[in-house]
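The sequence shown begins at 515 in the working numbering and counts up by one.
For glycine and all other residues, C-beta sits at the position ideal for the given N, C-alpha and C.
If you're wondering where the values come from, they're calculated on a predicted model, not measured in any experiment.
Presented below is the structure to which this report refers.
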Amino acid sequence: FKVVFGVMGIERNRPSTRSVHRGGRYPTSRSSQRSRSSGSSSNDPRTRVKDCCRKLTEFMCTQVGVGGLVVSYAIIGSFVFMELERDKPKVFEDILILRNVTLDKLWSVTSDYNVLHHRRWSRIVNHTIQVYQQKIIEAIKEGYDPNLDSQTTIWSFAVALMFCLSVFTMIGYGKYVPRTDWGKAATIIYAIFGIPLYVLYLMNMGKVFAGTFKYLYAKLYLCQIRKPKIPKGHYEGNEGNKSKGKGVHEAAIYDGYEDEPEVLVPTTACLWVMIAYIAGGTILFAEWEDWSYLDSTYFCATSLLKIGIGDFVPGATFKSQVDSQTKLVINFIFLLLGMGLIAMCYNLMKEEVIVRVSGIKEDLHDRMLVMGEKFGLIKPPRSPAAPR
């Protein structure tokens, strides 16, 4: 140790060996060189691009970033499918030609066979109408809508938005489907990238909604169980009681209230939230779509649970195209928020299950210890001997 400290003293008292350059300037040290290199690297365009990409990636991993990314992904997909499905097949022209041919054939049959040949006339007319109906059904499967004219497009922005939602949420409505080959190929690619993004949205929004709901529930719960602060003069009469009271009560008091326990949201509260949300959607769609309350509840439940039967689709009963598109956009928001609430309920229920299972595990462990000590399988721990 003496040698080491002696060397340290020598080094500390050793004069500086830096030589003065001409002009009275000292040579640059390593720290200054590092600062200059770091400053030059910060001005590098590549470094700036890397920093921007890193910050953008960090923002996209937040709750706001994931939500905005999902909405942006749906909007971009809407414009893509509008462009791909814009060129409608010649269904309307084929239907118009079919209608005229059917009318001409019915007229020719009527003119050839008068009332004296009623059976033959009925047989030919029946066959003609059946052929017409079959071709109409095939045209409807190809995208023909008798409520629209040839100038109105089926794939509006709202329809494409609902289709994108049904793809990456895996609801799968059957009313709006792509008809072109490019549209079908784009649907596959869109689902491959959209479904993982939707799962990430559920995880993040479920945590956000769960934390917010747990905070509000805890505030409401603690407002009911909080007790007022114990007066200071309560223990002034007896010093022993005062000191004892400090250890028992005043140590547990914080800002006029006792320590706040950790609040666990029960499963019933989550169920009531979902029931209230479905009830609100039931009233909303029943008033807008002229559905019965049972049909509206059926639509909300099957959509939020991602069953997606497709027999009830909002926006189909409106005569005005603007009203129909508005209702489809509102339905998009309703389903997106509702699925976030479902993820919230899942997180809160999972937390409750974990707490209860751990409590049951500890209870079983204590019971097993008691039973083991009772039957002599486990020796009880020895208490430390008192000092003499």
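Contact check, residue i vs residue j, beta carbons under 8 Å
i, j, result
"L849", "C784", "no"
"E866", "T726", "no"
"F671", "M596", "yes"
"L583", "V843", "no"
"Y587", "L679", "no"
"L818", "M858", "no"
"I709", "M684", "yes"
"T796", "T811", "yes"
"G822", "Y729", "no"
"K841", "W805", "no"
"Y731", "V777", "yes"
"I590", "A653", "no"
"R600", "W669", "yes"
Close-in-space but distant-in-sequence residues of the same chain around residue i (CB under 7 Å, 5 per side omitted)
i, result
"V594", "A700"
"Q647", "none"
"G581", "Y715 and M719"
"L855", "F723, V787, M788 and Y791"
"T616", "T642 and Y646"
"I892", "L883 and G886"
"K820", "T683, M684 and I685"
"Y690", "V673, M676 and F677"
"K508", "Here the chain has residues from 515 to 902 only, and residue 508 is not among them."
"A705", "V681 and F682"
"G890", "none"
"Q577", "N718, M719 and V722"
Residue i in three-state terms, based on DSSP
i, result
"G579", "helix"
"G686", "coil"
"I888", "The residue you asked about is not Ile; residue 888 is Lys in the sequence shown. Correct three-state label for K888: helix."
"E876", "helix"
"E599", "coil"
"I792", "helix"
"D809", "helix"
"K893", "coil"
"V691", "coil"
"S586", "helix"
"W621", "helix"
"D804", "coil"
"D465", "This structure cannot speak to residue 465, because the chain is shown only from 515 to 902."
"W786", "helix"
"I668", "coil"
"V681", "helix"
"V827", "coil"
"D608", "helix"
"D558", "coil"
"S592", "helix"
Own chain, CB closer than 6 Å to residue i, minus 5 neighbours either side, in chain order
i, result
"K619", "T642"
"N845", "P828"
"I638", "V623"
"R613", "none"
Residue range of the alpha helix (DSSP H) that includes residue i
i, result
"L736", "D695 to I739"
"I821", "Where I821 is concerned, there is no enclosing alpha helix (DSSP H), given that its DSSP letter is neither H nor E."
"L778", "Unbroken run through L778: none, as it is neither H nor E."
"W635", "H632 to K655"
Spatial neighbours of residue i in its chain, beta-carbon cut-off 8 Å, leaving aside the 5 residues before and after
i, result
"L598", "P692, T694, W696, G697 and A700"
"W621", "none"
Neighbour flag for residue i against chain C, beta carbons, 8 Å
i, result
"T561", "Here there is only one protein chain, and chain C is not present."
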